[in-house]
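**Student:** In this note's numbering, the protein residues as written are 261 to 523.
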Amino acid sequence: MKTKIYWVSVGGFDTHAQQVESGNTTQGTHADLLQGLSDSIHAFQDDLSLLGLEDRVLGMTFSEFGRRIVDNASLGTDHGSAQPMFLFGTKVLPGMLGTNPEIPSNATYQTNLAMQHDFRLVYASVLKDWFCLEEDDIDAVLLNTYQPLALVDPGGCLGNSVHDINQGAGTDLLSAYPNPFTERTNLRYTSNGGRVSLQVFNEQGQLVQTLLNQLMPWKAATASTWTWAITPPACITRDCRTKEPASAKPAEGALSRCRCVRC
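1. What residues match up with residue 288 in a beta bridge as DSSP calls it?
2. Using a Cβ distance threshold of 8 Å, determine whether the stretch 364-374 contacts the stretch 348-356, with at least three qualifying pairs required.
3. Note down, in chain order, each residue of its chain lying with its Cβ closer than 7 Å to the Cβ of residue 417, except the 5 sequence neighbours on either side.
4. Between 360, 318, 402, which has its C-alpha nearest residue 373's C-alpha?
5. For residue 330, which three-state DSSP category applies?
6. Cutting at 8 Å between CB atoms, please list the residues of its own chain near residue 314, excluding the five before and the five after it.
7. Alpha carbon to alpha carbon, how far is residue 379 from residue 294? Give it in angstroms, no decimals.
8. With residue 322 and residue 345 assumed to form a contact (beta carbons below 8 Å), what rounded beta-carbon distance in angstroms separates them?
9. Output yes or no for whether 7 Å exceeds the beta carbon distance between residue 347 and residue 320.
10. Please report the distance separating the alpha-carbon of residue 272 from that of residue 266.
11. Report the rounded CA-to-CA distance for residue 429 versus residue 316, giving the unit in angstroms.
12. Whole angstroms is fine: what's the gap from residue 364's alpha carbon to residue 464's?
13. So residue 387 is in the beta strand (DSSP E); what residue range does that whole segment cover?
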């Protein structure tokens with residue numbers, strides 16, 4: 261994984277209509293989306309923990325717009341100027357930054373929430389305390405000076421170099437040559453120990469063959485090569501005298517199509 265930032269997205273938050281259920285503001289499209297977001301973050305953090313990477317990954321949500329205070333005539337809200345942001349990870353300082361807004365009694369569907377923190381303050385905080393950027397570099401990236409907020413444990417700062425110790429960035433853990441291939445290829449993998457699994461899948465995502473699945477001794481990273489050959493499929497042939505199929509069982513693990521012999 262060579263890059264420092266990965267971005268995934270989920271749609272549906274532009275809730276101009278049916279944001280909530282009539283008579284129950286705790287249910288509806290928005291509540292379902294937040295539940296899905298919560299479940300996904302929980303599963304992601306569990307995976308990181310199993311991989312031993314929970315201290316090396318920081319997550320953050322963002323959007324290009326917020327929502328207004330009062331619902332419109334369609335049980336939704338229109339674009340607004342303020343929104344919440346979530347940061348998650350073991351190095352995040354827990355808690356809530358900011359205060360609950362006071363909603364005026366005369367608010368309408370056009371009323372905006374007052375912004376408490378410029379979103380660039382959040383970016384500056386992450387760049388400084390997570391990516392270890394110098395203040396001059398942060399100012400150059402954000403085109404201004406922004407005072408960082410207390411969001412991330414600065415002791416978890418990982419650095420912005422792609423050559424961090426123990427990161428392995430820039431190292432190909434698996435390569436194949438020749439690639440593409442017709443009959444066989446050599447799989448070269450690098451491991452410094454632990455569970456190593458090599459599996460081959462076809463274009464439909466189906467498991468074709470497990471080449472390797474075992475615990476390796478812990479040691480300095482070493483490279484090994486595994487040669488894998490496609491098993492020729494058994495072809496469906498036809499006996500020209502009886503017109504009955506002579507063979508109809510494909511070989512296990514076959515990837516290529518079978519050529520039929522017609523009489």
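Built from N, CA and C at the ideal position, the CB exists for glycine as well.
**Tutor:** Considering the structure as presented:
1. Position 28 of the sequence shown, counted from the start, is the residue given in the question as residue 288. For residue 288, no pairing in a beta bridge is given by DSSP.
2. Too few Cβ pairs lie closer than 8 Å, so no.
3. If you number the sequence shown from 1, residue 417 lands on position 157. Only 389, 390, 392 meet the Cβ criterion.
4. In the sequence shown, counting from the first residue as 1, residue 373 sits at position 113. Per the Cα distances, 360.
5. Start at 1 with the first residue of the sequence shown, and residue 330 comes out as number 70. Under the three-state reduction of DSSP output, residue 330 falls in the coil class, being neither helix nor strand.
6. Within the sequence shown, residue 314 is the residue found at index 54, counting from 1. Excluding sequence neighbours, residue 314 sits near 305, 308, 349, 350.
7. Within the sequence shown, numbered from 1, the residue matching residue 294 stands at position 34. Within the sequence shown, numbered from 1, the residue matching residue 379 stands at position 119. Roughly 20 Å between the two C-alpha positions.
8. For the purposes of this step, residue 322 is identified with residue 62 of the sequence shown, where counting begins at 1. For the purposes of this step, residue 345 is identified with residue 85 of the sequence shown, where counting begins at 1. Rounded to whole angstroms, the Cβ separation of residue 322 and residue 345 is 6 Å, and the two are in contact under 8 Å.
9. In the sequence shown, the residue the question calls residue 347 occupies position 87. In the sequence shown, the residue the question calls residue 320 occupies position 60. Yes. Within cutoff.
10. Working through the sequence shown from its first residue, we reach residue 272 at position 12. Working through the sequence shown from its first residue, we reach residue 266 at position 6. Just so you know, the alpha carbons of residue 272 and residue 266 end up roughly 20 Å apart.
11. Here the question's residue 429 lines up with position 169 in the sequence shown. Here the question's residue 316 lines up with position 56 in the sequence shown. Per-residue confidence for residue 429 stands at a pLDDT of 49, beneath the threshold of 50, marking its modelled position as unreliable; the derived number appears in the next sentence. Taking the straight line from one Cα to the other gives about 13 Å.
12. Position 104 of the sequence shown, counting from 1, holds the residue named residue 364. Position 204 of the sequence shown, counting from 1, holds the residue named residue 464. Answer to the nearest angstrom: the Cα atoms are 56 Å apart.
13. Along the sequence shown, one-based indexing puts residue 387 at 127. Where residue 387 is concerned, there is no enclosing beta strand (DSSP E), although the alpha helix (DSSP H) it sits in stretches over 379-389.
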